[in-house]
Every structure is written in structure tokens, then in C-alpha cells.
Amino acid sequence: MKDVKRLAIIVGLCLTCAVALVAGVAAVTAFAYQNRLSPRTIIAGESVGNMSTAEAERIIAAKQNSLTAATLTLTYNDKTEAVPLTELGVVIAGPELNVLLAPNNQWDWLDLNYWSNFFGKKEIGLLYEIDKDVAQKKIETVFGVTSTAQSAALAVNNGLLEVVPSRVGESIGLDLVVAAVGQLLRTGSADAVPLAAAEVAPSVTTEVVNRTKTEIEAALQPIYLAGDGRNFMIPEAHLYDLIDYQTSNGQLLWSINNDKLQGYLASKIAGRINLKMVEKLIQSDTQQVTQEGRDGKSVDMNTLISAVKRTITEQTPTKDAPIQIGVVTTAFTQKTVEPDYVPGLVEGLYIDVNLSKQRLFIMNGTTKVAQYLISSGKRGTPTPVGRFYIKNKIALAQSRLFPGIWMEKWNALAKNSDGSGYEGYGLHRVPCFDSACNSREPSSHLGRPVSHGCVRIEDSGADWVYDNAPVGTLVNIHL
């Protein structure tokens, strides 16, 4: 009996020691792997078991770079292509290593599931995203596949309706491609991917469009019109260009576009009839008619558009009974206008300068003798307004403000008739850049204010003023 007790005690002590030993080994192992990956961890085909997080990250980063440059072999019909992952819209990211660390806390090792997971094989892929639109477009480009079916349509070619045939599309599914990318980023390799395509039928077939073409050609005939003593004709070819098409339940529907029709009638018919009313202008000071009046004419567009559309809808023949174009006449009006010059400032000769019109007028009392283009002062250096008098004349004067600038037929302007009040302004030809006037500023700017304050006159006008307007002549400058 004593021997049995002794044996039981020994066995108990041995079991206790064994449990303690196992527990100790387990505790030490768990502690040692607190910052390491489980022994049988494989990421993207690379074994990273027993490694620290830092070591694993270095290996995974290298693998990630390698796989980023990797290609996926795709086959379609008899063609095989290796397509880079990046061109398939694949963006790779590393795994969350913290999730793989064991244990999560210091007591996890007491759970038997911990050890099952610890010693179990873990094959993990790199995280990734794939832009399916990019992948689809790349695959279609590589293999010359068009996923979008082309519906049949009608086009106008050399004045005739022409059927553009329909085309069946091919849609390549991406499920196998996505699965292969996942395999490649999980194991480091992937088998060639056999691609298959499904037909995509067009929404409108060639047969349907041929029927629509026949219908249009039967409905649209030349349209004849008459108005304002003229005859017009709209040929079928022009009507074809005015058609809008819509698809509905596999059918091609057509109608005349109202805006296109309006634009066509405005250009081809109304544009040849319409006439702008011109006012009769009478000069207020002399009662002289400076512009004869003219009645205006305009086509009644709304009525014309309705008549043309009704003719098309009802397929009414118009060759023997043309559509009558309604034309509205607008009687011209009469307007009394003030002249661009100020008449009658003095009884004899004076000069009137209109800055708004950029014109110089030679006046004799109330009579305009002549007019010339000018260029007055630009913004910042405007020509002063008011009454001035010719102070002196110089055949070729050099500018005091801008040495090297020469002015032919110079007429200095003073504020007072006795020559006092001179401030540097004058009337002259377009400036020269040398004393021989071999180089001159172009006269193309005349009619626009671009000078530094003087009044530049076209050559014939400057010559007239220099030769015929004596010192003391009044110069009236106004807006």
C-alpha cells in the first residue's frame, strides 16, 4: 500500500513538473514572439516566419516593388500579351503586419487556439486595388476589342442618304483577371489568364435603319416656294441635313429639327428677301438730305416654318402650288440729325475738329468745304477741347518733348487770337522719325486716338490747312 501511494506521489510530481515545463516553454515562446511573426507565415510567396516586424517589412517592401513591375499574361483567341499590373490599374499596398504579430497580449498563450494559429500555415497576399475601367480599356486596346456595339445610323453623303452599318461589340469579362491579380499578389506568381468575350448587340440594326431610310426618301420631296417676286426650291439633300434622329425600342425615329429648319430658311430664303429699313436723314442746319430712306422687308418666319413642316408631314406636292412666303414691309422713317461739325461759328474760314468722330472739317461759315481723318490724343494724353487759334506755321518742326520726332506742316495752337496761351499743341501730318522724313509712322492709326495730344491729320488735310488756313484762323475742338 505504501508503495502505491509513493508511486502516485511520484507520478503526480512528474506530471506537475511536465506541465510546469510545458507552461514555462510556452510562456517563454510566447514572450519571444511578441514582436515577431509566426513561424509559418508566407506573404506574397516570401517566407517571413520568425522575423521581426522590421525585417519582414524590408522583405515585403522589396517584394512589393518587384510585383509592382510584374506583368500578367493574358491570352485571347490566338494572341498572348504580358501586360504590366500598373497598366491594368492595379495599385499595391503592403499587409497590416501588426495583425500578424503573436501574441496580442501576454496571456493569449494560455488559449489553445493561439497555438493552433501560431503553428498553422498563413499564406497572405498583398493588399491592392484595381481600377476596372482602366483594366477594361487596356485589355480592349491590347487585343483590338471594341466592347461598345455600334448602332446603325444614317448619314448624308454627296446629297444622298447613306446607311452606316451596325457593328456587334465584344465584352471581355474581368473576373478571371481580378482573380489572377489576387493570386499573383498572394503567391508571387500567376498562371496565364484565358480571356473570353461575349457579344454585345447594337441597339439599332442595319435592317431597321434601311427601313427608316426608305421611309424618309418616300416622305421628303423637293419643296417649292414663292414670294417677293422670286421662286425658291429646297432640295431633298438640304432637307436631309435638317433631320434629327432618336432611338426607341430598337427603332430609329426621325423628325425635322425646328431650330435647324429656322436657320436654313433664315439663311437660304429670308436672307435673300429681307431688307433692312434705312432712315431718311436730313441735316438740321441746311435741310440737306444726307441719306435717302428705303423701306424694309422681312419674311414672316413663324408662318413660313409652320407651312414647310406641314408640307413635310402631310407630304403635300408643291411643284405646281408653291408655298407662298409672307413678306412684311416696314416703311422708312425720317430723322433730323445734327451735323458732326459745328456750323456758323464765324462768317469766313475756320476749322472744326470732332474728337468723337476723329474728323477735321474745313468750314466756311455754315458750309462744309472738306473733311479729313485725324488721330487725336490717347487716354492719358488727351487733346484739349475749346477754341484755339493758329499761332504760327513751321514746314518741319522737331518735338520738344520727344527729340528725334519731326512733324511736317506744323500749325501751333494758342488759346488766344493774339498768339498767347500756347501749351505745345498743334495740327500736323503723321510724325517722322528723322529730319528727312524717310521714316514715318504708318497712317493706319488715323481714325483712332493714339497721339500725345496733338491732332495728326491725313497728309492731304494737313497740307490744305498749312497752305490755306492763315495764322489767326479759329480752330474749334469738341467732343
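Under my numbering, the residues of the sequence shown are numbered 7 to 485, in order. No residue lacks a Cβ here, since even glycine has one placed at the ideal position from N, Cα and C. Only a predicted model underlies this, so the values are computations on that prediction, with no experimental measurement involved.
Using the Cα positions of residue i and residue j, report the straight-line distance between them to the nearest angstrom.
i: Asp-137; j: Ala-155; result: 22 angstroms
i: Met-369; j: Ile-411; result: 30 angstroms
i: Thr-74; j: Ile-48; result: 18 angstroms
i: Thr-387; j: Gln-297; result: 36 angstroms
i: Asn-417; j: Arg-385; result: 23 angstroms
i: Thr-479; j: Asp-424; result: 11 angstroms
i: Leu-167; j: Trp-260; result: 13 angstroms
i: Ser-177; j: Ala-204; result: 5 angstroms
i: Val-183; j: Val-174; result: 23 angstroms
i: Gly-179; j: Leu-271; result: 51 angstroms
i: Ile-311; j: Glu-87; result: 59 angstroms
i: Ile-357; j: Gln-404; result: 24 angstroms
i: Ala-486; j: Ser-457; result: This structure does not reach residue 486, given that the chain is present from 7 up to 485, and the question cannot be answered.
i: Ala-202; j: Lys-144; result: 15 angstroms
i: Ile-396; j: Pro-476; result: 7 angstroms
i: Val-31; j: Glu-146; result: Residue placement at Val-31 is poorly supported in this model, since its pLDDT is 43, which falls under 50; the coordinates still yield a value, given next. Whole-angstrom Cα-Cα distance: 59 angstroms.
i: Tyr-251; j: Glu-135; result: 41 angstroms
i: Val-343; j: Leu-287; result: 6 angstroms
Suppose the cutoff is 7 angstroms on Cβ atoms and the five residues either side in sequence are ignored; what does the same chain contact list for residue i look like?
i: Thr-212; result: Ala-158, Val-169, Pro-171, Ser-172
i: Val-436; result: Arg-446, Glu-447, Ser-449, Arg-462
i: Gly-467; result: Leu-366, Tyr-378
Under DSSP, the alpha helix (DSSP H) around residue i begins and ends at which residues?
i: Gly-269; result: 264-271
i: Asn-486; result: Nothing in the structure corresponds to residue 486, since the chain is present only between 7 and 485.
i: Met-307; result: 307-320
i: Lys-144; result: 138-149
i: Val-183; result: 181-193
Relative to the alpha-carbon of residue i, which residue among the options has its alpha-carbon at the smallest distance?
i: Gln-289; options: Lys-266, Asp-346, Thr-253; result: Asp-346
i: Pro-208; options: Ala-186, Pro-228, Gly-256; result: Gly-256
i: Leu-94; options: Val-210, Ala-141, Pro-390, Asn-56; result: Ala-141
i: Ser-426; options: Asn-398, Lys-415, Lys-85, Cys-438; result: Asn-398
i: Glu-353; options: Asp-326, Gly-371, Ala-60; result: Gly-371
i: Asp-291; options: Gly-386, Glu-221, Pro-349, Ser-312; result: Pro-349
i: Lys-421; options: Gly-430, Lys-415, Glu-63, Met-413; result: Gly-430
i: Thr-373; options: Asn-163, Gln-293, Thr-336, Lys-363; result: Gln-293
i: Tyr-3; options: Lys-325, Ala-62, Ile-400, Ala-376; result: The question about residue 3 has no answer, for the chain in this structure spans 7 to 485.
i: Pro-323; options: Val-97, Pro-228, Ala-243; result: Pro-228
i: Lys-499; options: Asn-280, Tyr-246, Gln-404; result: No answer is possible for residue 499: it lies beyond the span of the chain, which begins at 7 and ends at 485.
i: Pro-409; options: Ser-441, His-434, Leu-379; result: Ser-441
i: Gly-235; options: Ala-225, Ile-275, Ile-222; result: Ile-275
i: Tyr-82; options: Ala-60, Phe-149, Glu-63; result: Phe-149
i: Asp-469; options: Glu-414, Cys-460, Gly-459; result: Glu-414
i: Thr-309; options: Gly-233, Phe-338, Val-162; result: Gly-233
i: Lys-341; options: Glu-285, Thr-317, Arg-393, Tyr-472; result: Glu-285
i: Asn-216; options: Ala-225, Leu-160, Gly-299; result: Leu-160
How is residue i classed by DSSP in three states: helix, strand or coil?
i: Asn-444; result: coil
i: Leu-73; result: helix
i: Thr-342; result: strand
i: Ile-411; result: coil
i: Gly-233; result: strand
i: Leu-94; result: helix
i: His-484; result: strand
i: Lys-274; result: helix
i: Glu-168; result: strand
i: Ser-304; result: strand
i: Thr-372; result: coil
i: Thr-81; result: strand
i: Ala-60; result: helix
i: Ser-177; result: strand
i: Glu-353; result: coil
i: Glu-205; result: strand
i: Ser-157; result: coil
i: Ala-196; result: coil
Cutting at 8 angstroms between CB atoms, please list the residues of its own chain near residue i, excluding the five before and the five after it.
i: Ala-186; result: Leu-78, Ala-196, Asp-197, Val-199
i: Ala-76; result: Pro-90, Leu-91, Leu-190
i: Pro-455; result: Leu-361, Gln-364, Ser-381, Ser-382, Gly-383, Lys-384, Arg-385, Pro-388, Thr-389
i: Leu-132; result: Ile-49, Ala-50, Ile-66, Lys-69, Gln-70, Leu-73, Ile-98, Ala-99, Gly-100, Pro-101, Leu-191, Arg-192
i: Tyr-428; result: Lys-397, Ala-418, Leu-419, Ala-420, Lys-421
Leaving out five residues on either side along the sequence, give the residues of the same chain with a beta carbon under 6 angstroms from the beta carbon of residue i.
i: Glu-129; result: Ile-48
i: Asn-444; result: none
i: Ala-218; result: Inspection of the sequence shows that residue 218 is occupied by Thr rather than by Ala. Leu-258.
i: Gly-277; result: none
i: Ser-304; result: Asn-280, Val-334
i: Gly-432; result: Trp-416, Asn-417, Ala-418, Leu-419, Cys-460
In the DSSP assignment, find the unbroken beta strand (DSSP E) run with residue i in it and report its ends.
i: Asp-473; result: Looking at the DSSP string, Asp-473 is not in any beta strand (DSSP E); the run it does join, the alpha helix (DSSP H), is 465-474.
i: Leu-248; result: Element bounds for Leu-248: n/a, residue is neither H nor E.
i: Arg-217; result: Careful: Arg-217 lies outside any beta strand (DSSP E), inside the alpha helix (DSSP H) at 212-225.
i: Thr-431; result: Reading off the sequence shown, one finds Tyr at residue 431, where the question assumed Thr. Element bounds for Tyr-431: 428-434.
i: Val-333; result: 333-336
i: Lys-286; result: 286-289
i: Lys-399; result: 392-404
With a cut-off of 8 angstroms, does the C-beta of residue i fall near any C-beta of chain B?
i: Pro-388; result: This model lacks chain B altogether, as it is built from one protein chain only.
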